[in-house]
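K.L.:
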Amino acid sequence: MAIPRSGLGPWFHRRVVDPLLQILRRGAEPKQLALSAALGITLGVFPICGVTVFLCGMAIPLLGSHCHAPTVMLANFIATPIELSLVVPFLRFGEVILGGPHFPLTPDALKKVLSGQASREVLLSVVHALLGWLVAAPFILAVLYVILLPCFKVLVRKFSTVPSSPKKPLHLQTEVRLKVRDV
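For my numbering, add 4 to where a residue sits in the sequence shown, where the first one is 1.
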């Protein structure tokens with residue numbers, strides 16, 4: 005079955021599949037790819053739109069060789085639709101943590117926001133969403149890493165063109181001689 009050449013299919017292939025295949029063919033380690041993808045998605049669902057690229061840009065040099073920059077950025081790009089859908093759950097989670105009042109998500113509340121009458125409430129809701137993300141982020145990162153590690157092991161084995169590095173023995177095999185004394 006052929007992939008249609010119009011609509012979402014070619015765009016997805018060009019923007020997601022092709023970059024992923026390029027990353028896999030360059031021979032990165034599965035652990036590094038899993039950590040990078042988990043980090044990119046975790047930072048990519050940060051509840052303030054437009055900040056995620058900056059966060060990823062800060063995390064990449066901080067983690068240095070432990071993360072793979074193209075994978076972090078690709079995962080961040082993939083997480084954008086998820087980010088928009090998680091703003092309200094992070095907001096509600098932050099409200100539960102602080103025990104604060106629920107920010108109403110109604111047309112009247114939107115009118116207040118647009119007219120500037122609800123500035124304190126909006127600021128408080130942003131704080132609640134940030135707190136919700138901050139508490140959930142370590143769990144999101146850990147769960148994604150655990151899920152993505154076996155996936156990247158399979159993908160690297162299947163698509164990598166660079167031979168994998170030889171496994172180093174964990175312990176040197178040396179002969180140990182015991183002296184036995186006659187008493």
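Glycine included, every Cβ here is placed at the ideal spot set by N, Cα and C.
State yes or no: is the C-beta of residue 23 within less than 8 Å of the C-beta of residue 93?
P.N.:
no
K.L.:
Classify residue 156 as helix, strand or coil using the three-state DSSP reduction.
P.N.:
helix
K.L.:
How many Å lie between residue 5 and residue 13 at the Cα?
P.N.:
With a pLDDT of 46 at residue 5, under the threshold of 50, the modelled position of that residue is not reliable, and the figure given next carries that caveat. Cα-Cα distance, rounded: 13 Å.
K.L.:
Considering only the beta carbon of each residue, do residue 38 and residue 153 sit closer than 8 Å?
P.N.:
yes
K.L.:
Note down the Cα distance separating residue 146 from residue 41, rounded to an integer number of angstroms.
P.N.:
One C-alpha to the other measures close to 11 Å.
K.L.:
Under a three-way DSSP split, which group does residue 164 fall into?
P.N.:
coil
K.L.:
Tell me where the alpha helix (DSSP H) around residue 96 begins and ends.
P.N.:
84-102
K.L.:
To the nearest angstrom, how far is it from the Cα of residue 103 to the Cα of residue 27?
P.N.:
44 Å
K.L.:
At the level of alpha carbons, what is the spacing between residue 96 and residue 106?
P.N.:
7 Å
K.L.:
Give me the Cα-Cα distance between residue 55 and residue 87, rounded to the nearest whole angstrom.
P.N.:
11 Å
K.L.:
Under the assumption that residue 72 contacts residue 32 (Cβ atoms under 8 Å), give the Cβ distance between them as a whole number of angstroms.
P.N.:
That pair is a contact at about 5 Å.
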